[in-house]
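*Asks:* I have a structure here, written as structure tokens, and I will follow up with some questions on it.
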Amino acid sequence: MMDLRPAEWVRHAVMHPVEGFEDMRWKKSGSLKIAFFIVFMLFFGQIADDKLYGTQFYIPYDRVFNIVPYIVMSFVIFGAWVVGNWAVCTLLDGEGTMRNICIYSAYALIPYTVQLLLNAFLSHFLIRDEAVFIDVIRFIGIGWTAILLFSAVKAVHQYTFAKTVFAVLFTIGAMLIMLFLLVLFMSLMQQVFGFIFTIWTEISYRIRV
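For the sequence shown, our numbering assigns the number 90 to the initial residue and increments by one for each residue that follows.
What follows is the structure in structure tokens.
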């Protein structure tokens, strides 16, 4: 069995979707530092895809930069995937730990992240009639990441093809539930803080009067 450095394992996993993650599991390899770096690059890629595109393709109209949506589209959704997959696959007798799920899933996001950054770069050199190249790169990046993510779940939990399909579907369902509860919690906290602020304002006004 091969003995690779951490960065070489990343390339091996991405370039060999079928056996790459199986080899990583067998060698117990993978780096959390690299995984976190990939997720951070995903965060930057989401910003680049929305704010740094060439003006011939997209002109942002937001005058105030809000970082929250990009945090949600990267860190929050990734965290929901990891926790959801771990919870679901624990019930389905999966063998993967949360650490390995995090590492393998992050490695699988590399093609998607690369296409975000690459398309943002190319958008400053291509014209609108050449947008097909951007569409092709986006399609390849999304498709490649989907294949890698499926292979990652299959390898980390040692599932069959059919069981992996169910695990992915249940994980998506768990993510939706967690995100829905998170939205409810944030809405509740906003109302609580608003109520406290109103009371504090009223008390301050009464004291001054």
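Here a beta-carbon is modelled for each residue, glycine too, at the ideal position from N, C-alpha and C.
Return the CA-CA distance between residue 124 and residue 281, expressed in angstroms with no decimal places.
*Replies:* About 36 Å.
*Asks:* Please report how far the alpha carbon of residue 176 lies from the alpha carbon of residue 283, in whole angstroms.
*Replies:* 34 Å
*Asks:* In chain order, what residues of the same chain lie with their CB nearer than 7 Å to the CB of residue 163, ignoring the 5 residues before and after it?
*Replies:* 128, 131, 132 and 135
*Asks:* Return helix, strand or coil for residue 223, following the three-state DSSP convention.
*Replies:* helix
*Asks:* Rounded to the nearest angstrom, what separates residue 289 and residue 229 at their Cα positions?
*Replies:* 54 Å
*Asks:* Please report the distance separating the alpha-carbon of residue 246 from that of residue 152.
*Replies:* 46 Å
*Asks:* For residue 211 and residue 121, what's the separation of their Cα atoms in angstroms?
*Replies:* Going from the Cα of residue 211 to the Cα of residue 121 covers about 30 Å.
*Asks:* Hey, how far is the Cα of residue 220 from the Cα of residue 140?
*Replies:* 17 Å
*Asks:* So, with DSSP's three-state summary, where would you put residue 260?
*Replies:* helix
*Asks:* Helix, strand or coil: which one does DSSP assign to residue 212?
*Replies:* coil
*Asks:* Under 8 Å between the Cβ atoms of residue 268 and residue 169?
*Replies:* Going by beta carbons, residue 268 and residue 169 fall inside the 8 Å limit.
*Asks:* Would DSSP call residue 248 helix, strand or coil?
*Replies:* coil
*Asks:* Please state whether the Cβ-Cβ distance between residue 207 and residue 236 is less than 8 Å.
*Replies:* no
*Asks:* Out of 287, 213 and 263, point me to the one whose CA is closest to residue 143's CA.
*Replies:* When only C-alpha atoms are compared, the closest one is 213.
*Asks:* Measure from the alpha carbon of residue 98 to the alpha carbon of each residue in 145, 231, 249 and 195, then state which is nearest.
*Replies:* 195
*Asks:* Could you compute how far the alpha carbon of residue 238 sits from the alpha carbon of residue 157?
*Replies:* Distance from the CA of residue 238 to the CA of residue 157, rounded to the nearest whole angstrom, comes to 25 Å.
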